[in-house]
Amino acid sequence: MSIQPSRASAASVGQAPGWWRRAVVYQVYIRSFADANGDGVGDIAGIRSRLAYLRDLGVDAIWVNPWYPSPMVDGGYDVADYRAIDPAYGTLDDARLLIREAHDHGLRVLGDIVPNHTSAEHPWFREAVASAPGSPARERYVFRDGRGPGGEEPPNNWPSVFGGPAWTRVASAGGGPAQWYLHLFDPGQPDLNWENGEVRAEFEAILRFWFDLGLDGFRIDVAHGLAKDATLPDLPPDADPSVPEDDHPFWGQDGTHSVYRAWRRIAEAYGADRVFIGEIGPMGPDGQARLARYLRPDELHQAFNFDFLRAPWDAAKLRSVIDATLAPLAEVGAPPTWVLSNHDVTRHATRYGRPYSGLEAWETWVERQPADRALGLRRARAAALLMLALPGAAYVYQGEELGLGEVEDLPEELLQDPTWERSGHEWRGRDGCRVPIPWSGDAPPFGFGPSGCTPWLPQPAGWRGHTVEAQADDRTSMLELYRTALRIRRTHPGLAGEELTWLASPPGTLVFERGAGLRCAVNLSGAAVPLPTARTTLLRSDAGDEDPLPPDAAAWYVGR
Ligand code: BGC
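In the working numbering, the protein residues as written are 6 to 565.
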């Protein structure tokens with residue numbers, strides 16, 4: 006059966022050019038969202054079966070993590086074929102159906118494009134390994150001779166983000182010396198050479214392929230990493246490889262901007278409602294101003310706000326991130342975005358229950374301190390009201406609306422994140438935020454798949470209270486908090502615009518006004534704080550309406 010492209014159905018989500026400026030986008034980590042065929046791995050049919058849930062939750066769009074054929078050395082961020090669907094997830098026809106049905110539910114669908122690297126199993130890389138140094142096939146990647154006698158040392162000292170060196174040596178091919186190839190991530194993810202015209206043309210064709218199929222846009226993986234300093238200089242010995250400074254040789258190089266200018270022209274040719282969101286950074290000091298350069302009117306539409314995600318639960322620090330976000334983005338006309346969790350970081354309902362470590366969200370990579378779950382959940386509820394009251398777009402990671410915490414006791418033999426092996430077992434990695442989510446029932450698989458199926462990562466027995474079924478219609482649940490907040494966000498005129506005014510408030514609190522007198526107050530101090538007595542409460546994270554507002558709680562109200 007062949008199913009026609011779903012362009013026609015785009016009408017059901019409306020031709021709304023600026024929809025993304027204040028959208029709420031729900032991140033679907035496909036492996037762990039819903040499993041229709043019972044093999045323990047989520048799939049496209051599973052997403053289709055839950056579209057009504059997503060519509061009723063009140064989000065505007067979904068972003069689906071990579072679904073392409075992949076050896077899965079890095080959860081699908083190692084793509085072997087950019088124009089197909091991994092058989093574990095379904096087929097291209099399933100993708101067409103998903104897009105069509107999502108549009109019919111009023112939801113847009115964003116894909117995930119991975120341009121920094123391919124899989125080592127991609128035909129291009131196989132060809133490169135089999136070809137001689139200097140050949141056109143090798144020019145698509147970053148191959149170099151090694152240093153030292155016999156070229157036995159890597160070409161420079163760049164580290165891989167996942168641990169160990171960023172270079173791997175291949176066997177000698179075509180009689181030349183054995184060369185090294187660059188992989189900023191796993192050796193199974195060779196970096197592409199974005200100076201190469203063929204690479205640029207190929208990705209432009211890939212974008213057109215998916216736009217033709219009906220996708221509404223893309224999240225761009227490692228969007229600030231494409232261009233490299235061609236001289237491949239060593240990093241200074243004390244450089245933090247994850248935080249870009251000026252003139253970093255592989256993060257934030259200027260050469261990347263021309264790629265996005267070309268991509269923007271392609272998106273515009275399909276209509277002003279097609280959108281790109283860049284995974285950029287975190288960008289270090291002055292990060293938001295650096296980020297804004299990617300969001301100039303002829304480049305990307307949005308970028309994730311990792312400074313917000315990584316900020317500690319501290320009023321002054323959050324306020325300074327919010328201010329540092331709004332000003333530079335306004336200058337380029339881009340909307341701010343807000344995000345608390347994703348598939349790479351410790352879930353915030355756990356993070357906020359820990360003393361701030363200084364390593365922020367990426368502390369999946371270090372020995373963990375115990376978390377106070379109840380405290381983390383209270384703060385996660387308040388953080389949701391903060392995030393959803395801010396102007397701009399918000400990104401919700403699957404399961405955060407259920408109050409899921411990080412699963413920190415996965416058996417070591419089941420860990421799949423490459424960081425676990427690459428770090429010599431120093432970093433447990435990101436599996437704990439990727440456990441299949443619970444929908445219903447009292448025991449695993451909790452409705453994730455048909456009963457009897459074994460989810461690819463084990464779900465904690467304690468999740469029985471976190472299922473959608475257990476939380477639906479319970480006005481004190483996290484799910485109902487998200488549903489109500491999203492309904493108010495969609496319908497209240499006070500949240501329609503892009504304005505924000507800070508109001509004077511006691512130390513350790515954040516109080517701001519949006520339009521139509523709508524205010525958001527968040528109490529991050531250790532003591533209860535009074536709210537104005539003349540007010541109409543719209544929503545409270547602590548589900549009460551008492552005055553004063555307790556610590557770690559937030560309120561939306563209209564002041565009078
Ligand atoms: C993705 C990660 C992935 C990495 C390499 C990221 O930023 O979000 O999950 O491991 O890119 O592709």
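Where is the CB? At the ideal position from N, CA and C, for every residue including glycine. Here the structure is a predicted model, which is why all the values come from computation and not from measurement.
### Task
Please classify residue 307: does DSSP put it in a helix, a strand, or coil?
The answer is strand: DSSP assigns residue 307 an E or B state.
### Task
Can you have a look at residue 196 and say buried or exposed, based on whether 16 or more other CB atoms are within 10 angstroms of its CB?
So residue 196 counts as buried.
### Query
Given a threshold of 16 other Cβ atoms within 10 Å of its Cβ, counted over all protein chains shown, does residue 351 qualify as buried or as exposed?
Residue 351 should be labelled buried.
### Message
Would you say the beta carbon of residue 147 is closer than 7 angstroms to some non-hydrogen atom of the ligand BGC?
### Response
Residue side-chain check: residue 147 keeps its Cβ at 7 angstroms or more from all non-hydrogen atoms of the ligand BGC.
### Query
Would the beta-carbon of residue 224 fall within 8 angstroms of that of residue 115?
Remark: C-beta atoms of residue 224 and residue 115 approach each other more closely than 8 angstroms.
### Query
Sorted by chain position, which residues of the same chain lie with C-beta nearer than 8 angstroms to residue 136's C-beta, five sequence neighbours on each side aside?
Hits under 8 angstroms: 142, 143, 178 and 179.
### Query
Does the separation of the CB atoms of residue 522 and residue 473 fall below 8 angstroms?
Taking 8 angstroms as the Cβ cut-off, residue 522 and residue 473 do not qualify as a contacting pair.
### Message
So, for residue 489: in the same chain, excluding its five sequence neighbours on each side, which residues have a beta-carbon less than 6 angstroms away from its beta-carbon?
### Response
Taken in chain order, the residues that qualify are 544.
### Message
Per DSSP, what are the beta-bridge partners of residue 357 in this structure?
### Response
DSSP, once it has assigned bridges, lists no residue as partnering residue 357.
### Task
Measure how close the beta-carbons of residue 358 and residue 381 come, nearest whole angstrom, since I'm counting them as under 8 angstroms.
Rounded, the Cβ-Cβ distance is 3 angstroms, consistent with contact.
### Task
Flag this pair as touching only if the stretch 523 to 531 and the stretch 502 to 515 have three or more C-beta atom pairs under 8 angstroms; answer yes or no.
Cβ pair count under 8 angstroms is three or more, so yes.
### Query
For residue 11, which three-state DSSP category applies?
Bear in mind that the predicted position of residue 11 carries a pLDDT of just 42, short of 50, making it unreliable; the figure below should be weighed with that in mind. Coil at residue 11, not helix or strand.
### Query
Should residue 155 go down as buried or exposed, given a rule of 16 or more other Cβ atoms within 10 Å for buried?
Note on residue 155: under 16 other CB atoms within 10 angstroms of its CB, so exposed under the neighbour-count rule.
### residue 196: CB within 7 angstroms of a non-hydrogen atom of the ligand BGC
Checking the Cβ of residue 196 against the ligand BGC gives no.
#### Entry: Identity of the residue in 343, 158 and 390 nearest residue 398 by Cα
Nearest C-alpha to residue 398: 343.
### Message
Using a Cβ-Cβ cutoff of less than 8 angstroms, which residues in the same chain neighbour residue 30 once the five nearest sequence positions on both sides are dropped?
### Response
Only 64, 65, 66, 67, 68, 115, 282, 398, 399, 400 and 401 meet the Cβ criterion.
#### Entry: Residue range of the unbroken beta strand (DSSP E) whose run includes residue 282
Residues 280 to 283.
### Task
Check whether the Cβ of residue 325 lies closer than 8 angstroms to any Cβ atom in chain D.
Annotation note: the requested chain D is absent from the structure, which comprises a single protein chain.
### Query
Hey, would you say the C-beta of residue 516 is under 7 angstroms away from at least one heavy atom of the ligand BGC?
Residue 516 Cβ: outside cutoff for every heavy atom of the ligand BGC.
### Query
Can you name the start and end residues of the alpha helix (DSSP H) that residue 99 belongs to?
For residue 99, the uninterrupted alpha helix (DSSP H) run begins and ends at 97 to 109, by DSSP.
#### Entry: Beta bridge counterpart(s) of residue 438 as assigned by DSSP
Beta-bridge pairing links residue 438 to no other residue.
### Query
Mapping DSSP to helix, strand and coil, what is residue 541?
Looking at residue 541 - three-state DSSP - the assignment turns out to be strand.
### Task
Determine the direct distance from the alpha carbon of residue 101 to that of residue 8, and round the result to whole angstroms.
Unreliable positioning characterises residue 8 in this predicted model, as indicated by a pLDDT of 42, which lies under 50. The coordinate reading is nonetheless provided below. Between the C-alpha atoms of residue 8 and residue 101 there is a straight-line separation of about 7 angstroms.
### Message
Extract the residue ranges of the alpha helix (DSSP H) inside the stretch 385 to 442, only unbroken runs of 4 or more that lie entirely within it.
### Response
Complete alpha helix (DSSP H) runs here, min 4: 423 to 427.
### Query
Is DSSP giving residue 196 helix, strand or coil here?
DSSP places residue 196 in strand when its eight states are reduced to three.
### Task
Would you mind giving the Cβ-Cβ distance between residue 1 and residue 152, rounded to the nearest angstrom? I have them listed as a contact below 8 angstroms.
What is shown of the chain runs 6 to 565, which leaves residue 1 out entirely.
### Message
Can you give me the C-alpha to C-alpha distance between residue 13 and residue 41, rounded to a whole angstrom?
### Response
For residue 13, the predicted structure reports a pLDDT of 37, less than 50, and the residue's modelled location is therefore unreliable. A value from the coordinates is still provided. A direct Cα-to-Cα measurement between residue 13 and residue 41 gives close to 27 angstroms.
### Task
Find the nearest neighbour of residue 436 within the set 412, 446, 444 and 445, judged by alpha-carbon distance.
The shortest Cα separation from residue 436 among 412, 446, 444 and 445 belongs to 412.
### Query
For the stretch 111 to 131 against the stretch 157 to 167, are there 3 or more C-beta pairs whose distance is under 8 angstroms?
The stretch 111 to 131, when compared against the stretch 157 to 167, does not touch it at the 8 angstroms Cβ threshold.
### Task
Let me know the secondary structure DSSP gives residue 214 once reduced to three states.
Note: residue 214 maps to helix in three-state DSSP.
### Query
Whose C-beta lies closer than 7 angstroms to the C-beta of residue 54 among residues of the same chain, with five residues either side of it excluded?
Closer than 7 angstroms at Cβ, skipping near neighbours: 39 and 41.
### Task
Give a single yes or no on whether residue 126 has its beta carbon closer than 7 angstroms to a heavy atom of the ligand BGC.
When distances are taken from the beta-carbon of residue 126 to the heavy atoms of the ligand BGC, even the shortest one reaches 7 angstroms or more.
### Message
Within 8 angstroms, do at least three Cβ pairs link the stretch 284 to 304 to the stretch 255 to 264?
### Response
Yes: the two stretches touch, three or more of their Cβ pairs being nearer than 8 angstroms.
### Message
Here's a check: name, in chain order, each residue in its chain whose Cβ is nearer than 7 angstroms to the Cβ of residue 392, leaving out the five neighbours to either side.
### Response
Within the same chain, residue 392 has close Cβ partners 343, 345 and 399.
### Query
Would you say residue 309 touches the ligand BGC, meaning its beta carbon is less than 7 angstroms from a heavy atom?
No, the beta carbon of residue 309 sits no closer than 7 angstroms to any heavy atom of the ligand BGC.
### Query
Taking Cβ to Cβ, would you say residue 406 is nearer than 8 angstroms to residue 483?
Taking 8 angstroms as the cut-off, the Cβ atoms of residue 406 and residue 483 count as close.
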